[in-house]
Structures are given as C-alpha cells and as structure tokens.
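Chains as they are written, first to last, in the numbering used here: chain A, 1 to 284; chain B, 1001 to 1234. The beta-carbon is built from N, C-alpha and C at its ideal position, and this holds for glycine as well. Here is the structure we will look at.
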C-alpha cells in the first residue's frame, strides 16, 4: 500500500506535479486535499464550505487523475470536514454536471464518507446523481470506508488527514468532533470521541481550544440540534426526546434548550407546528 | 399476466402484510406495491413534508412484517414529488439510520427515480446519508432505474401501479381507507354500522364523511363489488 504503510507522504505544489507522479504524493487545494497511495488507491478530503468552485475544481482534478493517470483505482472521498453546504448552489451544480460519466468503468470502487445532518443528505444526493455510473458506496465513518477500499491502516491514513487538518486549521477538528457527536449523543465520552477520531484526548482538547471552542460546547450544540430536529419532525414527547438526545429529563432539556435557543421546547414546537418549512442553506 | 395489473383496489395494510403479492396499499401521498416475493415498489407524490413523512414511516412496520420469500429488488418512484421539505428528510434520515443494517440485509438492491432540481437532490441523498449498505441507484429517468433493478416484471408492474397511483391521487384519506376496507370484506353487503365501527368512527360520522366526499354508502359498496371481481383472490 505504498506510502500509507510507511506513513510518509510528500506534499506537492501544483496539479501538474501531482498528476505527473501521483503515487506517494498529495496536493492541497482550496477547500480540499487530493492524495494517491498507489496506482490503485487514491482519495480526497474535503472541508469547510462546499462551494461550486471547490466542487468543480475537485471533480476536474479527480477525473483527470482517474481517467488519464491511474489504472481503475479504488477512490475514497472523505466529506466529514464539510461544515457548510449551499444547497441551491450544489443543486445547480448537479444539474449542470455529469462529468463523472467520463469516469464510467475507470473506477473500481468509489467510497464516500458523509457528514451528519442536512449536509450529508445534500452531498449524498449530489454524489449519487453525479457519480451514478461509478456505483458509489456510502459510509459515515472512516474505518469501514477504508476497509471497503481494501485499506485497513487507519493510523497511516492519519498522516494525510493531518496534512488536511494543518491546511484547514483547527476548525476542521471542531467539525469532525461535532460530526462524531451527532452520531451518538447518549453514551458519549471525551475518550470515546477522541478514539473514534484516531487522536488522543489531549490533542483533541487542545485543537478544540485552538478553534475557540470546547468539547462541552460542541456536545451541547449537537444535543440541542438533535432535539430541534425531533421537536419539528416527530411526535415524541419532550421527555422521550430528552432521553434520546442524552439530556436525561424534560426539565434539564428545557433549561439547556432555552439557554441556547431562547425558548422552551414546548414553545418551540408550538411556534413551528404551523410553519411552512423552507429549504435552508446550511451556511446560514 | 402481471399480478399488480389484475388488482384494481388498494388493500388494507393488514391484508397486504399477510399476503402482499399482487396487492398494493395506499396512503395520502404514497402507494406501495408488491409484484412478487422478489419485487417491491413504491410511488410517492405531492409534498414530502413532516406529516406525509410520518405517514410513510408507518409503512416501515408493514415492511418489517411482510412475508417475503426472498430479498426483494425495490423500485421507488419519486418523480411525482413536487416539493421536499428538508426538515422532514433530515428526520427520516435519522430514523432510517437507526435501522440501516436491518433494512440493508433485507433488500437485494434499490433504485430510486427522483424529480429534477432541489427536491430530487435531497431525496436522492436520504438513503446514502442514512448509511444503507445495499446497492443503491438514484436517477431521474425511469429507464435507468428499471435497468438497475433488472427484473423481468419491473416495468409492467410499475406501469400498473403508476396508473393506480394516478387514479388515486387526490382521493381523501377517508375514502382510501373506506375503499380498502370494502374491497377486503368477504361478504357482499356490509352494513354501515359495521363499516363505521371497523373504521373507528360512529355511523353518523361515516355518513357525514361520505357526504363531504360527495358519494354515498351504497355507491361505494357497488363500486367495490364492480371493481373487485375477486381480484384480491387472484
């Protein structure tokens, strides 16, 4: 598995340099990083706001890599660092783009790791429609995704992941923590979250501090966000929602929810019961 | 002869669960059909909002209890959907995610036809975001979906179900329930009090709802007799 086994990678500066000799190299672009381990294994890590500019650039470079350079590789695309999606922009991009048709038969396996929430739905829909000829597979965690592309050296993937974190800055780790928390709000621990992100507890806490936030703040926001969804969508009673999002009791949830949203869960549900839902931009 | 094409009326969910082949069930914004133990489908229309998604979630119980002999191929046609509410789809994704492994183990492959534009993008993203593991294909063309499903009866069965869906769209939930019940009753002249009780309402409410739907009890009984010449027994 080339450099992923040796845990070393060389970052190059230009697309031309990368495409000339991709194996063992990676390239950082605006909003994403593209890497190649061997002629049969390559991938992308996307972060921040998913704009049409970065999507177009990423798709163009990825298509050139797959069609002109590599030999029917497995592709791993990691969107977990995306924290903002302009839904309407992405929809327009999908309408205009069927570029991946060119990659039909040129990709052995395409595995996509999605973020949680509406961003995951929008990106999942975009990939499903754009890359349909490649028969994409979807995952929510990096471990199973790596296994799907025939690579199980999680620690080695961290080498390239670290380059992405350095390029994005500390906010990438905040996005990843939030993503992880949204998947499990009840039995969550700092240790468990750090382990899921393949980092140490101290490193994760330090990076969160650098990003101007904390584990507790991210957990509180993730719980309020989940409660928000259940209050709007479901008929679950408040105490059932509280238990489901890890806030224990209705009174505790009420206090946390009011502190964050300015209204109680009951008031919020009453306010939104008749509201017409608009398709939101995740970037708000 | 395809099974669905011979069925004119929707079945009550309980009948469908017990013996789904050749039958379909209808809700306010969906129709679910089963052509054979290895071929299922659904047609969705209108607005996918919180209320319609909640209705659709009821179908998961039906799916869990259905007696199917094989892991079916599934064709979901959402091309008649006019609007997708993001909140509702986020909620549905959470629900499906909790059951993704179970659902994936029971499905051989699933193709989904989505409407163009924003609604289609969001609908196409629900199952990927929920972490489903079975082969999945989203597209805007029915032909692409049929090619992915790759079942000899898929096109004919979907066509028959789509015709039924187009006839039933706009029919009130009350009438759908009433007609499903009348179609399933084994005796030819059910009494109004019996039907009202079975539907969980008083006889007066039954007659009031019938008046509101511009029909009569006798007309509905006659209609059920005309359109169900034992097609449910086929």
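Using the three-state DSSP reduction, which class does residue 220 of chain A fall into: helix, strand or coil? In this structure, residue 220 of chain A counts as helix in the three-state DSSP scheme.
So, does the CB of residue 99 of chain A fall closer than 9 Å to a CB anywhere in chain B? Only weak support exists for where residue 99 of chain A lies, its pLDDT of 49 falling under 50; the value from the coordinates is given anyway. The beta carbon of residue 99 of chain A does not come within 9 Å of any beta carbon belonging to chain B, so the residue lies off that interface.
So, using beta-carbon positions, are residue 1108 of chain B and residue 1072 of chain B closer together than 9 Å? It is a contact, given that the beta carbons lie within the stated cut-off.
Backbone CA spacing between residue 223 of chain A and residue 179 of chain A [nearest angstrom]: Whole-angstrom Cα-Cα distance: 12 Å.
Nonlocal neighbours in the same chain, by C-beta distance under 8 Å from residue 218 of chain A, ignoring five residues either side: Within the same chain, residue 218 of chain A has close Cβ partners 174, 177, 178, 181, 208.
Interface flag, residue 1236 of chain B vs chain A, CB-CB below 9 Å: The structure shown does not extend to residue 1236 of chain B, since chain B is modelled only from 1001 to 1234, so the question has no answer here.
Distance, Cα to Cα, residue 99 of chain A vs residue 62 of chain A? Residue placement at residue 99 of chain A is poorly supported in this model, since its pLDDT is 49, which falls under 50; the coordinates still yield a value, given next. Their Cα atoms are separated by approximately 10 Å.
Would you mind working out which of B:1139, B:1151, B:1111, B:1165 sits nearest residue 1043 of chain B, comparing C-alpha positions? Checking every option, the nearest Cα to that of residue 1043 of chain B belongs to B:1165.
Can you find at least 3 beta carbon pairs, one from the stretch 124 to 134 of chain A and one from the stretch 1138 to 1152 of chain B, that sit closer than 8 Å? With a cut-off of 8 Å, the stretch 1138 to 1152 of chain B and the stretch 124 to 134 of chain A count as touching, because enough Cβ pairs lie within range.
Residues near residue 17 of chain A by beta carbon distance below 6 Å, same chain, minus five either side: Same-chain partners within the cutoff: there are none.
Beta-carbon proximity list for residue 1115 of chain B, same chain, < 7 Å, skipping 5 on both sides: A distance below 7 Å between beta-carbons, with the five flanking residues on each side excluded, links residue 1115 of chain B to the following residues of its chain, in chain order: 1078, 1079, 1081.
Residue-level contact to chain B via CB, residue 87 of chain A, 9 Å cutoff: Chain B contact via Cβ: present.
Tell me whether the beta-carbon of residue 1060 of chain B lies closer than 9 Å to the beta-carbon of residue 1095 of chain B. In this structure, residue 1095 of chain B lies closer than 9 Å to residue 1060 of chain B by Cβ.
Just to confirm before moving on: does the CB-CB distance between residue 1127 of chain B and residue 1146 of chain B stay below 9 Å? Result no, Cβ atoms of residue 1127 of chain B and residue 1146 of chain B do not sit closer than 9 Å.
Got a sec: which bits of the stretch 1118 to 1144 of chain B sit with their beta carbon under 9 Å from any beta carbon on chain A, in order along the chain? So the list reads 1118, 1119, 1120, 1121, 1122, 1123, 1124, 1125, 1126, 1127, 1128, 1129, 1130, 1131, 1132, 1133, 1135, 1136, 1137, 1138, 1139, 1140, 1144, given in the order they occur along the chain.
Judging by CA-CA distance, which residue of B:1217, B:1200, B:1197, B:1211 is the nearest neighbour of residue 1189 of chain B? For the residues B:1217, B:1200, B:1197, B:1211, the minimum Cα distance to residue 1189 of chain B belongs to B:1217.
Contact between the stretch 1152 to 1163 of chain B and the stretch 1023 to 1040 of chain B (3+ Cβ pairs under 8 Å): They touch, by the three-pair rule.
CB contact below 9 Å: residue 121 of chain A versus chain B: Yes, residue 121 of chain A lies at the interface with chain B (some Cβ there is under 9 Å from its Cβ).
Which of the three DSSP states is assigned to residue 1198 of chain B in this structure? Residue 1198 of chain B carries a helical assignment under DSSP once its states are collapsed to helix, strand and coil.
Output yes if chain B places a C-beta closer than 9 Å to the C-beta of residue 21 of chain A; else output no. No, residue 21 of chain A lies away from the interface with chain B (no Cβ there is under 9 Å from its Cβ).
Which residues in the same chain as residue 289 of chain A place their Cβ atom closer than 7 Å to its Cβ, once the five residues preceding and following it in sequence are excluded? Here chain A covers residues 1 to 284 and nothing more, so residue 289 of chain A does not appear.
Using CA atoms only, rank isn't needed, just tell me which of A:58, A:192, A:251 is closest to residue 239 of chain A. Of the listed residues, the one whose Cα sits closest to residue 239 of chain A is A:251.
Give the secondary structure of residue 174 of chain A by DSSP, where H, G and I count as helix, E and B as strand, and everything else as coil. In this structure, residue 174 of chain A counts as helix in the three-state DSSP scheme.
Sort A:247, A:241, A:231 by Cα distance to residue 1050 of chain B and report the nearest one. Among A:247, A:241, A:231, the Cα nearest to that of residue 1050 of chain B belongs to A:231.
Check each candidate in A:210, A:211, A:190 and name the one with the smallest Cα separation from residue 201 of chain A. Of the listed residues, the one whose Cα sits closest to residue 201 of chain A is A:190.
Report, in whole angstroms, the separation of the C-beta atoms of residue 1121 of chain B and residue 91 of chain A, which I expect to be a contact under 8 Å. Sure, about 5 Å apart at Cβ, within 8 Å.
For residue 34 of chain A, three-class secondary structure by DSSP: It is a strand residue.
When the cut-off is 9 Å and only beta carbons count, does residue 229 of chain A lie next to chain B? For residue 229 of chain A, a Cβ of chain B is located within less than 9 Å of the residue's own Cβ.
Whole runs of the alpha helix (DSSP H) within the stretch 1012 to 1091 of chain B, excluding any shorter than 4 residues: 1013 to 1018, 1050 to 1065, all fully within the stretch 1012 to 1091 of chain B.
So which of B:1065, B:1117, B:1124 has the shortest CA-CA distance to residue 1102 of chain B? That would be B:1065, whose Cα lies nearest to the Cα of residue 1102 of chain B.
With distances taken from CA atoms, which of A:9, A:165, A:204, A:30 is nearest residue 42 of chain A? Comparing Cα positions, the closest option is A:9.
Straight-line CA distance for residue 25 of chain A to residue 159 of chain A? Cα to Cα, the separation comes out at about 12 Å.
Between A:40, A:141, A:261, A:30, which has its C-alpha nearest residue 195 of chain A's C-alpha? Comparing alpha-carbon positions, the option among A:40, A:141, A:261, A:30 lying closest to residue 195 of chain A turns out to be A:141.
What is the residue span of the alpha helix (DSSP H) that residue 1111 of chain B lies within? Counting along the chain, no alpha helix (DSSP H) covers residue 1111 of chain B; the unbroken beta strand (DSSP E) around it starts and ends at 1109 to 1113.
Beta-carbon proximity check, residue 77 of chain A vs residue 115 of chain A, cutoff 9 Å: No, the pair does not count as a contact, with Cβ atoms beyond the cut-off.
Among A:69, A:32, A:37, which residue has its Cα nearest to the Cα of residue 294 of chain A? Since the first and last residues shown for chain A are 1 and 284, residue 294 of chain A lies out of range.
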